[in-house]
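Peer 1: Just so we're aligned, residue 2 is where the sequence shown starts under our numbering, counting upward by one. One structure coming up, written as structure tokens, with questions to follow.
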Amino acid sequence: MRDKIKIGLLGFGAMGRTHSYAVSTLDHYCENLPFKAEIAGLYSRTREKTIAAVETFRFGRAAMSEDELIYDPDIDVIDICTPNVCHYETLKKAIAAGKDVYCEKPLCISRTQADEIAQLAAEKNIVGGIVFNNRFLPATLRAKTLVDEGRIGRVLSFRARYLHSGCASPDAPLAWKQSRDICGGGVLFDLGSHIIDLLVWLCGGIASVSAKTQIAYPLRRGQDGKLHPVTGDEAFYMLATLENGACGTLEGSKISTGTNDELSIEIHGERGALKFDLTEPNWLWFYDVTKPSVPFGGERGFTRIECIGRYEAPAGGFPSPKASIGWLRGHVMSMCSFLSAVHARSRFSPSIEDGAYVQRVMEAAYHSDETGKWVDI
Ligand SMILES: NC(=O)c1ccc[n+]([C@@H]2O[C@H](COP(=O)([O-])OP(=O)(O)OC[C@H]3O[C@@H](n4cnc5c(N)ncnc54)[C@H](O)[C@@H]3O)[C@@H](O)[C@H]2O)c1
2 MRDKIKIGLL GFGAMGRTHS YAVSTLDHYC ENLPFKAEIA GLYSRTREKT IAAVETFRFG
62 RAAMSEDELI YDPDIDVIDI CTPNVCHYET LKKAIAAGKD VYCEKPLCIS RTQADEIAQL
122 AAEKNIVGGI VFNNRFLPAT LRAKTLVDEG RIGRVLSFRA RYLHSGCASP DAPLAWKQSR
182 DICGGGVLFD LGSHIIDLLV WLCGGIASVS AKTQIAYPLR RGQDGKLHPV TGDEAFYMLA
242 TLENGACGTL EGSKISTGTN DELSIEIHGE RGALKFDLTE PNWLWFYDVT KPSVPFGGER
302 GFTRIECIGR YEAPAGGFPS PKASIGWLRG HVMSMCSFLS AVHARSRFSP SIEDGAYVQR
362 VMEAAYHSDE TGKWVDI
């Protein structure tokens, strides 16, 4: 592998900006990397925005199509930051062309698509990665270490939640993430994929799920000012059993009034318990059953003051004010880890297979919602 990794970036919305930020700041955050990386080309749907971004951020060039980057022998990695419905065709072409791929979640919009991509990636022996950036925060990495060291023992129960409030108002406009045509699903895909991955990473595979989805406002105004049907779920509620026998819940919502970007996970085991809350990303809560018991008491109760990423001017809207401190760093470390794998020709985790697994769980949840029955994974 060359010492300079050349990336072809597709899509320049929130995540295209985030990934290019990660690439351009790698050397600020990480020391002595054995490689350099650059965004050698950008293709996004709107031509003017592509050209403006290339000029502003000094990317290599503005491409006229994604194929121009996929079939350019000088490009090593295709980085996919387009809406979900685009991922499958792009992945198929890029992997077939022998490119390494870094793809935003969810991997695809169906289990069939995702399994095909995982198979293709394995056959072509490329380095593939999916962006489950929450694995790259200091607190979740520490949680993984504690679990792997057996410090919480056999997992008994869990609850994972990812709550937003973007759709809590009936006046919130219709965006592509509420449209199944483009999102492929709804909040289950958008937020659920993150917590399914975190749970499986920390606790092991899921055996079966029972789920219910919800659309609170079936009609919303689009860009054209007209009312359109909302086809992507605005919330989901899932019961799950793990292969190791543990039971628990996963919940994702964009109709949770008063929330910002609130991912939390609690895991209760025989020897201990872990709690993590993305809005307090500096802390991981750990309960150790093996410590001597002491009487309860003292000063109890919490007051939480909302500060998160809300800076005053001259700070702008990037990263989003709803994103807590640390969110961006998880992206930078995810990108660093992926590019290190590309450079060393080694396996990256979370892998394409991890993305395909999450797709399987989400599809089972929708199937359960439709049939009212438990669905095995
Ligand atoms: N990991 C995370 O933290 C995270 C957060 C948000 C979104 N995402 C994922 O990132 C992806 C992009 O989401 P986003 O929030 O950046 O969306 P966005 O709407 O902000 O940006 C999408 C960009 O892709 C462009 N685009 C649309 N169709 C295209 C095509 N066919 N070819 C090239 N460009 C095209 C649009 O013009 C836009 O610039 C989605 O898969 C989403 O699920 C991940």
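Beta carbons are placed, not taken as given, at the ideal position from N, Cα and C, and that holds for glycine.
Suppose you measure from the CA of Ala236 to the CA of Lys213; what does that come to, to the nearest Å?
Peer 2: Sequence index remark: in the sequence shown, residue 236 carries index 235 (1-based). Sequence index remark: in the sequence shown, residue 213 carries index 212 (1-based). C-alpha separation (whole angstroms): 9 Å.
Peer 1: Quick check on this structure: which residue in Gln360, Arg272, Glu56, Arg162 has the alpha carbon closest to the alpha carbon of Glu252?
Peer 2: To locate residue 252, count along the sequence shown from 1; it is residue 251. Glu252 has its Cα closest to that of Arg162, out of Gln360, Arg272, Glu56, Arg162.
Peer 1: Is Trp328 near ligand 1, judged by its Cβ being under 8 Å from some heavy atom?
Peer 2: As a first step, residue 328 must be located in the sequence shown, where it is residue number 327. At least one heavy atom of ligand 1 is nearer than 8 Å to the Cβ of Trp328, so yes.
Peer 1: Are there three or more Cβ pairs, one per stretch, closer than 8 Å when the segment 174 to 188 is compared with the segment 230 to 248?
Peer 2: yes
Peer 1: Beta carbon of Pro107: closer than 8 Å to some heavy atom of ligand 1?
Peer 2: Position 106 of the sequence shown, counted from the first residue, corresponds to residue 107. Because some heavy atom of ligand 1 lies under 8 Å away, the Cβ of Pro107 counts as near it: yes.
Peer 1: Counting beta carbon pairs with one atom in the segment 145 to 161 and one in the segment 44 to 59, are three or more of them shorter than 8 Å?
Peer 2: Segments in contact, no.
Peer 1: When the Cα of Ile110 is compared with those of Val102, Thr372, Val362, which residue comes out closest?
Peer 2: As a working mapping, residue 110 is identified with position 109 in the sequence shown. When each option's Cα is compared against that of Ile110, the closest is Val362.
Peer 1: Measure the Cβ-Cβ separation of Thr47 and Glu67 and say whether it is below 9 Å.
Peer 2: The residue labelled residue 47 in the question sits at position 46 within the sequence shown. The residue labelled residue 67 in the question sits at position 66 within the sequence shown. Their beta carbons are not under 9 Å apart, which means Thr47 does not touch Glu67 by this criterion.
Peer 1: Who are the near neighbours of Val333 in its chain, counting only those whose CB is closer than 7 Å to its CB and skipping five residues on each side?
Peer 2: Numbered from its first residue, the sequence shown carries residue 333 at position 332. The beta carbon of Val333 is closer than 7 Å to those of Ala23, Thr26, Leu27, Tyr30 in its chain, skipping five residues each way along the sequence.
Peer 1: Using CA atoms only, rank isn't needed, just tell me which of Thr258, Leu243, Leu34, Ser352 is closest to Asp101.
Peer 2: For the purposes of this step, residue 101 is identified with residue 100 of the sequence shown, where counting begins at 1. The candidate whose alpha carbon is nearest that of Asp101 is Ser352.
Peer 1: Would you say the beta carbon of Ile4 is closer than 8 Å to some non-hydrogen atom of ligand 1?
Peer 2: Residue numbering aside, residue 4 sits at position 3 when the sequence shown is read from its first letter. Here residue 4 turns out to be Asp, not Ile, going by the sequence shown. Because no heavy atom of ligand 1 lies under 8 Å away, the Cβ of Asp4 does not count as near it: no.
Peer 1: Rounded to the nearest angstrom, how far is the Cβ of Ala122 from that of Ile96, given a contact under 8 Å?
Peer 2: Translated into the one-based positions of the sequence shown, residue 122 becomes position 121. Translated into the one-based positions of the sequence shown, residue 96 becomes position 95. Right, their Cβ atoms sit about 5 Å apart.
Peer 1: Identify, in the order they occur along the chain, each residue of the same chain with its Cβ nearer than 8 Å to the Cβ of Asp377, setting aside the five sequence neighbours on each side.
Peer 2: Position 376 of the sequence shown, counting from 1, holds the residue named residue 377. If we look at Asp377 and ignore the five residues flanking it on each side, its Cβ neighbours are Ala208, Ser209, Ala365.
Peer 1: Starting from the N-terminal side, write out each stretch of the alpha helix (DSSP H) that is 4 residues or longer and does not extend beyond the segment 36 to 120.
Peer 2: As far as the segment 36 to 120 is concerned, its whole alpha helix (DSSP H) runs of at least 4 residues are 48 to 58, 67 to 71, 85 to 97.
Peer 1: Helix, strand or coil: which one does DSSP assign to Leu240?
Peer 2: Counting from one through the sequence shown, the residue named residue 240 turns up at place 239. Looking at Leu240 - three-state DSSP - the assignment turns out to be strand.
Peer 1: Report all residues from its chain with a CB closer than 7 Å to the CB of Gly299; omit the five preceding and five following residues, and keep chain order.
Peer 2: The residue given as residue 299 occupies position 298 in the sequence shown. Annotation note: pLDDT 49 at Gly299 (below 50); position unreliable, no value reported.
Peer 1: Bridge partners of Leu199, per DSSP?
Peer 2: Start at 1 with the first residue of the sequence shown, and residue 199 comes out as number 198. Bridge pairing for Leu199: absent [DSSP].
Peer 1: Taking the C-alpha atoms as reference points, what is the distance between Lys323 and Met16?
Peer 2: Counted from its first residue, the sequence shown places residue 323 at position 322. Counted from its first residue, the sequence shown places residue 16 at position 15. Each residue's Cα considered, the two are about 15 Å apart.
Peer 1: Could you check whether Leu43 and Leu10 sit closer than 9 Å to each other, using their CB atoms as the reference points?
Peer 2: Walking along the sequence shown from the start, residue 10 turns up at place 9. Walking along the sequence shown from the start, residue 43 turns up at place 42. Cβ atoms of Leu10 and Leu43: closer than 9 Å.
Peer 1: Identify, in the order they occur along the chain, each residue of the same chain with its Cβ nearer than 7 Å to the Cβ of Leu157, setting aside the five sequence neighbours on each side.
Peer 2: Position 156 of the sequence shown holds residue 157. Excluding the 5 residues flanking it on each side, Leu157 has same chain C-beta neighbours closer than 7 Å at Ala247, His269, Gly270, Glu271, in chain order.
Peer 1: Any heavy atom of ligand 1 closer than 8 Å to the beta-carbon of Trp177?
Peer 2: Position 176 of the sequence shown, counted from the first residue, corresponds to residue 177. Trp177: yes, Cβ under 8 Å from ligand 1.
Peer 1: Can you grab the Cα-Cα spacing for the pair Thr146 / Asp172, in whole Å?
Peer 2: Position 145 of the sequence shown, counting from 1, holds the residue named residue 146. Position 171 of the sequence shown, counting from 1, holds the residue named residue 172. Rounded to whole angstroms, the separation of the alpha carbons of Asp172 and Thr146 is 44 Å.
Peer 1: Mind checking whether the beta-carbon of Pro84 lies closer than 8 Å to any heavy atom of ligand 1?
Peer 2: Position 83 of the sequence shown holds residue 84. Correct: Pro84 has its Cβ closer than 8 Å to ligand 1.
Peer 1: Can you give the Cα-Cα distance for Arg311 and Arg18, rounded to whole angstroms?
Peer 2: Within the sequence shown, numbered from 1, the residue matching residue 311 stands at position 310. Within the sequence shown, numbered from 1, the residue matching residue 18 stands at position 17. Using only the alpha carbons, I get a separation of about 19 Å.
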